[in-house]
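Read through the structure below, which is laid out as structure tokens, and then see the notes.
Number of protein chains: 2
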Amino acid sequence: MAALDRSLISRLPLFQGLTPDEQSEILRDARSSRYAKETAIFAQEAEAHSFFVLIAGHIRVVRTTPDGQQVIARYISEGEIFGVAAALGRTTYPASAVAAVDCVVLAWPNALWPDLARRFPVFGAATYRTVGSRLQETQTRVVEMSTEQVEQRVAHALLRLANQTGRKTDSGIEIDFPISRQDIAEMTGTTLHTVSRLLSKWEEKGIIVSGRQKVTVKDAHRLVVLAENRDKG
Amino acid sequence: MAALDRSLISRLPLFQGLTPDEQSEILRDARSSRYAKETAIFAQEAEAHSFFVLIAGHIRVVRTTPDGQQVIARYISEGEIFGVAAALGRTTYPASAVAAVDCVVLAWPNALWPDLARRFPVFGAATYRTVGSRLQETQTRVVEMSTEQVEQRVAHALLRLANQTGRKTDSGIEIDFPISRQDIAEMTGTTLHTVSRLLSKWEEKGIIVSGRQKVTVKDAHRLVVLAENRDKG
DNA sequence: TCTTGAGTTTGCGCCAGCGCAAATTGTCCC
DNA sequence: GGGACAATTTGCGCTGGCGCAAACTCAAGA
Numbered sequence: 001m002a003a004l005d006r007s008l009i010s011r012l013p014l015f016q017g018l019t020p021d022e023q024s025e026i027l028r029d030a031r032s033s034r035y036a037k038e039t040a041i042f043a044q045e046a047e048a049h050s051f052f053v054l055i056a057g058h059i060r061v062v063r064t065t066p067d068g069q070q071v072i073a074r075y076i077s078e079g080e081i082f083g084v085a086a087a088l089g090r091t092t093y094p095a096s097a098v099a100a101v102d103c104v105v106l107a108w109p110n111a112l113w114p115d116l117a118r119r120f121p122v123f124g125a126a127t128y129r130t131v132g133s134r135l136q137e138t139q140t141r142v143v144e145m146s147t148e149q150v151e152q153r154v155a156h157a158l159l160r161l162a163n164q165t166g167r168k169t170d171s172g173i174e175i176d177f178p179i180s181r182q183d184i185a186e187m188t189g190t191t192l193h194t195v196s197r198l199l200s201k202w203e204e205k206g207i208i209v210s211g212r213q214k215v216t217v218k219d220a221h222r223l224v225v226l227a228e229n230r231d232k233g
Numbered sequence: 001m002a003a004l005d006r007s008l009i010s011r012l013p014l015f016q017g018l019t020p021d022e023q024s025e026i027l028r029d030a031r032s033s034r035y036a037k038e039t040a041i042f043a044q045e046a047e048a049h050s051f052f053v054l055i056a057g058h059i060r061v062v063r064t065t066p067d068g069q070q071v072i073a074r075y076i077s078e079g080e081i082f083g084v085a086a087a088l089g090r091t092t093y094p095a096s097a098v099a100a101v102d103c104v105v106l107a108w109p110n111a112l113w114p115d116l117a118r119r120f121p122v123f124g125a126a127t128y129r130t131v132g133s134r135l136q137e138t139q140t141r142v143v144e145m146s147t148e149q150v151e152q153r154v155a156h157a158l159l160r161l162a163n164q165t166g167r168k169t170d171s172g173i174e175i176d177f178p179i180s181r182q183d184i185a186e187m188t189g190t191t192l193h194t195v196s197r198l199l200s201k202w203e204e205k206g207i208i209v210s211g212r213q214k215v216t217v218k219d220a221h222r223l224v225v226l227a228e229n230r231d232k233g
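Going down the list, the protein sequences come from chains A and B. Note that the first sequence ends on residue 233 in UniProt numbering; no numbers are left out. Note that the second sequence ends on residue 233 in UniProt numbering; no numbers are left out.
In structure tokens form, the structure reads like this:
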């Protein structure tokens, strides 16, 4: 690990509560690698060999159906742990992870997980907290897909992206990695056509501005209203 | 713990790999209780005080939206651990758990989790395996809701119920707790009307037989075909 | 600068499945 | 045994959003 990484890493929630020595000990076993934009970190159904922490970039987690349709499970932001099959006793990855932009990740061999979790309980606990919030988030998505209209779901998805990976600019909150209409459709269970129509409408109203693989939320408040509107607006 | 419970409990996957003494030690801290049909074991958003193992019965896990719509997250069968907020570092339950029939459950105070998990790693690992498969299952449900038609989703739901909680009878696989059309609708993101229509159609074709709060799968194979049909059948 | 291709927009027609409403049936309790 | 209620069935009309198709636009490379 380069010294540069260290100061950044020690600030991650995942490593809170660990002494610098303990952090070093954990990091000693990690291997760092780069992944070019649109390359895979791991593939769905592949034998799980490692778990990861994203140091720089953004990662798209994708499930592909037997007939080739894709669904985006979530985006991973900097500092998050992912590919934690080992911690959950799984032997294969349930989804693929693809770099949405050029990425830097740390990887630990799965075989080290039991030992790391035992020696550094706060590290294990932090990981399971992440798993817990992802489970809850996924369930929330099921609820959304069951009870909401497409417009509300897309609004929710944009808000979530803005919160999790948004970058404040003078013109609003910009999603700071390339995201296409198709991507948004795969996050919300609709088609790129419908997403395009919605974004156009919202842009007319001044709620967002959008371009090629780019969305900036200008008026989050009005987007929240759209997301919560139970009857048609 | 009554002796009766012990022989049953020691056979649960959750307690595999533990010696009888270790099992006793874990069980010593558990409190057993009964819940009458349709009563709540815990409520969504309530402070999480315990985690549970279902000894007898069936439990419905339900998420309710702010405007009162319900979505069934899953059913818990005998022997399963549930309400594991503690293991995932959450302080409240993300959903409600309601007894679908009269139930017997064991409960452990959350405060004991860290200690139990540390002293009996196989117990902790078994729990996290369960969490892992639930996460994966929930993600599968998101994929289904994104890519499948209602008919396929209902077919999938029935097959899952038949596998997880089905009881073999001479006339087929019967779901062995009361389940209404409304319940199936809340599992699949549709309405009781549509479920009713589908079940009627399938009954005509001899794939299932159904009655009031009761479904028996007679021809699982044809149900699988329906569940996998990507274009209309 | 020009070309090329991927990403996006928009129009149009259609239909799966929802909402509403009413009839029907089975079950539990008095 | 019979009433009452809950669950289910079924008809009907409507519409949100999909599928298809075509036009358009930007970004990158030659």
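Ideal Cβ placement from N, Cα and C applies to all residues, glycine included.
Going by other Cβ atoms of all chains shown within 10 Å of its Cβ, with 16 needed for buried, is residue 134 of chain B buried or exposed? Position 134 of the second sequence, counted from the first residue, corresponds to residue 134 of chain B. Burial state of residue 134 of chain B is buried, judged by a 10 Å Cβ sphere holding 16 or more other Cβ atoms.
Near residue 120 of chain B, which residues of its chain fall below 7 Å by C-beta distance, leaving aside the five closest residues on each side in sequence? Counted from its first residue, the second sequence places residue 120 of chain B at position 120. 18, 22 and 26, listed in sequence order.
Compile a chain-ordered list of the residues in the segment 82–102 of chain A whose CB is closer than 9 Å to at least one CB of chain B. Listed by position along the chain: 84, 85, 87, 88, 89, 90, 94 and 95.
For chain A, find out if any of its Cβ atoms is closer than 8 Å to the Cβ of residue 135 of chain B; answer yes or no. The sequence position of residue 135 of chain B within the second sequence is 135, counting from 1. Closer than 8 Å: yes.
For the alpha helix (DSSP H) holding residue 205 of chain A, just list the boundary residues, first then last. Indexing the first sequence from 1 puts residue 205 of chain A at position 205. Note, residue 205 of chain A: premise wrong, no alpha helix (DSSP H); not H, not E.
Assuming residue 107 of chain A and residue 46 of chain A form a contact by the criterion Cβ under 8 Å, report the distance between their Cβ atoms to the nearest whole angstrom. In the first sequence, residue 107 of chain A corresponds to position 107, counting from 1. In the first sequence, residue 46 of chain A corresponds to position 46, counting from 1. Not quite, the Cβ-Cβ distance comes to about 14 Å (not below 8 Å), so this is no contact.
What first and last residue would you give for the beta strand (DSSP E) that runs through residue 174 of chain A? On the first sequence, residue 174 of chain A is found 174 positions in, with the first residue counted as 1. Where residue 174 of chain A is concerned, the enclosing beta strand (DSSP E) stretches over 172–175.
Closest by CA to residue 48 of chain A, which one among A/171, A/137, A/165 and A/96? In the first sequence, counting from the first residue as 1, residue 48 of chain A sits at position 48. By alpha-carbon distance to residue 48 of chain A, the top candidate from A/171, A/137, A/165 and A/96 is A/96.
From residue 59 of chain A to residue 101 of chain B, what distance separates their C-alpha atoms? By 1-based counting over the first sequence, the position of residue 59 of chain A is 59. By 1-based counting over the second sequence, the position of residue 101 of chain B is 101. It is roughly 44 Å from the alpha-carbon of residue 59 of chain A to the alpha-carbon of residue 101 of chain B.
Under 7 Å Cβ to Cβ from residue 233 of chain B, same chain only, skipping five residues before and after it: list those, please. As a working mapping, residue 233 of chain B is identified with position 233 in the second sequence. Any reading at residue 233 of chain B must be qualified, since the residue scores a pLDDT of 33, below 50, and its modelled position is unreliable; no value is offered.
Would you report the Cα separation of residue 3 of chain A and residue 169 of chain A, rounded to the nearest angstrom? Within the first sequence, numbered from 1, the residue matching residue 3 of chain A stands at position 3. Within the first sequence, numbered from 1, the residue matching residue 169 of chain A stands at position 169. Bear in mind that the predicted position of residue 3 of chain A carries a pLDDT of just 48, short of 50, making it unreliable; the figure below should be weighed with that in mind. Residue 3 of chain A and residue 169 of chain A have their C-alpha atoms roughly 30 Å apart.
Note down the Cα distance separating residue 179 of chain A from residue 214 of chain A, rounded to an integer number of angstroms. Residue numbering aside, residue 179 of chain A sits at position 179 when the first sequence is read from its first letter. Residue numbering aside, residue 214 of chain A sits at position 214 when the first sequence is read from its first letter. Cα to Cα, residue 179 of chain A sits roughly 6 Å from residue 214 of chain A.
Identify each residue in the segment 63–77 of chain A for which the Cβ-Cβ distance to at least one residue of chain B is less than 7 Å, and report them in chain order. Considering only beta carbons, the part of the segment 63–77 of chain A lying closer than 7 Å to chain B consists of 63, 65, 67, 69, 71 and 73, in chain order.
Hey, is residue 191 of chain B's beta-carbon within less than 8 Å of any beta-carbon in chain A? As a position in the second sequence, residue 191 of chain B is number 191, starting the count at 1. Residue contact check for residue 191 of chain B against chain A: no CB pair falls below 8 Å.
Using a Cβ cut-off of 8 Å (strictly closer), state whether residue 35 of chain A contacts chain B. Indexing the first sequence from 1 puts residue 35 of chain A at position 35. Interface residue (Cβ-Cβ distance to chain B less than 8 Å): residue 35 of chain A is not classified as such.
Any chain A beta carbon closer than 8 Å to residue 164 of chain B: What you label residue 164 of chain B is simply residue 164 of the second sequence in a count that begins at 1. Residue 164 of chain B has a beta carbon lying at 8 Å or more from every beta carbon in chain A.
Quick check: the Cα distance between residue 234 of chain A and residue 91 of chain B, rounded to an integer number of angstroms? Outside the shown range of chain A (1 to 233) lies residue 234 of chain A, about which nothing can therefore be said.
Could you tell me which of B/34, B/132, B/147 and B/171 sits nearest to residue 55 of chain B, measuring between CA atoms? By one-based count along the second sequence, residue 55 of chain B stands at place 55. For residue 55 of chain B, the closest C-alpha among the options B/34, B/132, B/147 and B/171 is that of B/34.
Chain-ordered chain B contacts of residue 139 of chain A [CB-CB under 8 Å]: Position 139 of the first sequence holds residue 139 of chain A. The contact set of residue 139 of chain A on chain B, defined by CB atoms closer than 8 Å, consists of 63, 73, 94, 95 and 138 in chain order.
Tell me, please, whether the CB atom of residue 232 of chain A is closer than 8 Å to any CB atom in chain B? Residue mapping note: residue 232 of chain A aligns to position 232 of the first sequence, counting from 1. Because the pLDDT of residue 232 of chain A is 38, which lies under 50, any placement of that residue in the model is unreliable, and the number read from its coordinates should be weighed accordingly. False, the Cβ-Cβ gap to chain B never drops below 8 Å.
Please list, in chain order, all residues of the same chain as residue 158 of chain A whose beta carbon is under 7 Å from its beta carbon, the five residues on each side excluded. Sequence index remark: in the first sequence, residue 158 of chain A carries index 158 (1-based). If you ignore the 5 residues before and after residue 158 of chain A, its C-beta comes within less than 7 Å of the C-beta of 215, 217 and 223, all in its own chain and listed in chain order.
What does DSSP give as the partner residues of residue 109 of chain A in its beta bridges? Taking the first residue of the first sequence as position 1, residue 109 of chain A is located at position 109. Under DSSP, residue 109 of chain A shares a beta bridge with A/50.
Is the shortest distance between the beta-carbon of residue 129 of chain A and the beta-carbons of chain B less than 8 Å? Within the first sequence, the letter at position 129 stands for residue 129 of chain A. For residue 129 of chain A, the answer is yes, since a Cβ of chain B falls inside 8 Å of its Cβ.
Just the Cα atoms here: how many angstroms apart are residue 9 of chain A and residue 166 of chain A? Counting from one through the first sequence, the residue named residue 9 of chain A turns up at place 9. Counting from one through the first sequence, the residue named residue 166 of chain A turns up at place 166. Cα to Cα, residue 9 of chain A sits roughly 20 Å from residue 166 of chain A.
Within chain B, the residues that residue 143 of chain A reaches when beta carbons sit closer than 7 Å: Locating residue 143 of chain A in the first sequence gives position 143, counting from the first residue. Simply 63, 65 and 71.
Please report the straight-line C-alpha distance between residue 138 of chain A and residue 24 of chain B, rounded to a whole angstrom. In the first sequence, residue 138 of chain A corresponds to position 138, counting from 1. In the second sequence, residue 24 of chain B corresponds to position 24, counting from 1. Those two C-alpha atoms are separated by around 36 Å.
From B/183, B/131 and B/87, pick the residue whose C-alpha is nearest to that of residue 113 of chain B; which is it? For the purposes of this step, residue 113 of chain B is taken as residue 113 along the second sequence, with counting starting at 1. Check the Cα spacing between residue 113 of chain B and each of B/183, B/131 and B/87: the tightest is with B/87.
In terms of DSSP beta bridges, what is residue 64 of chain B paired with? As a first step, residue 64 of chain B must be located in the second sequence, where it is residue number 64. According to DSSP, residue 64 of chain B bridges with B/70.
Comparing the C-beta of residue 146 of chain A with each C-beta of chain B, is any distance below 8 Å? Against the first sequence, residue 146 of chain A aligns to sequence position 146. Judged by the 8 Å Cβ criterion, residue 146 of chain A is in contact with chain B.
Assign residue 151 of chain B to one of two classes, buried (16 or more other C-beta atoms within 10 Å of its C-beta) or exposed (fewer than that). Reading the second sequence from its first residue, position 151 is the one you call residue 151 of chain B. Flag for residue 151 of chain B reads buried.
Rounded straight-line distance, which links the Cα of residue 182 of chain A to that of residue 69 of chain A: Within the first sequence, residue 69 of chain A is the residue found at index 69, counting from 1. Within the first sequence, residue 182 of chain A is the residue found at index 182, counting from 1. The straight-line gap from Cα to Cα measures roughly 12 Å.
Assuming residue 93 of chain B and residue 43 of chain B are in contact, meaning their beta carbons sit under 8 Å apart, how far apart are those beta carbons, in whole angstroms? As a working note, residue 93 of chain B is residue 93 in the second sequence. As a working note, residue 43 of chain B is residue 43 in the second sequence. The beta-carbon separation of residue 93 of chain B and residue 43 of chain B, rounded to 7 Å, stays under the 8 Å limit for a contact.
Taking only the alpha-carbon atoms, compute the straight-line gap between residue 20 of chain B and residue 200 of chain B and give it to the nearest angstrom. What you label residue 20 of chain B is simply residue 20 of the second sequence in a count that begins at 1. What you label residue 200 of chain B is simply residue 200 of the second sequence in a count that begins at 1. Distance between the alpha carbons of residue 20 of chain B and residue 200 of chain B: 50 Å.
For residue 132 of chain A, return the contacting residues in chain B, with the cut-off set at a CB-CB distance below 7 Å. The residue labelled residue 132 of chain A in the question sits at position 132 within the first sequence. In chain order: 88, 89 and 90.
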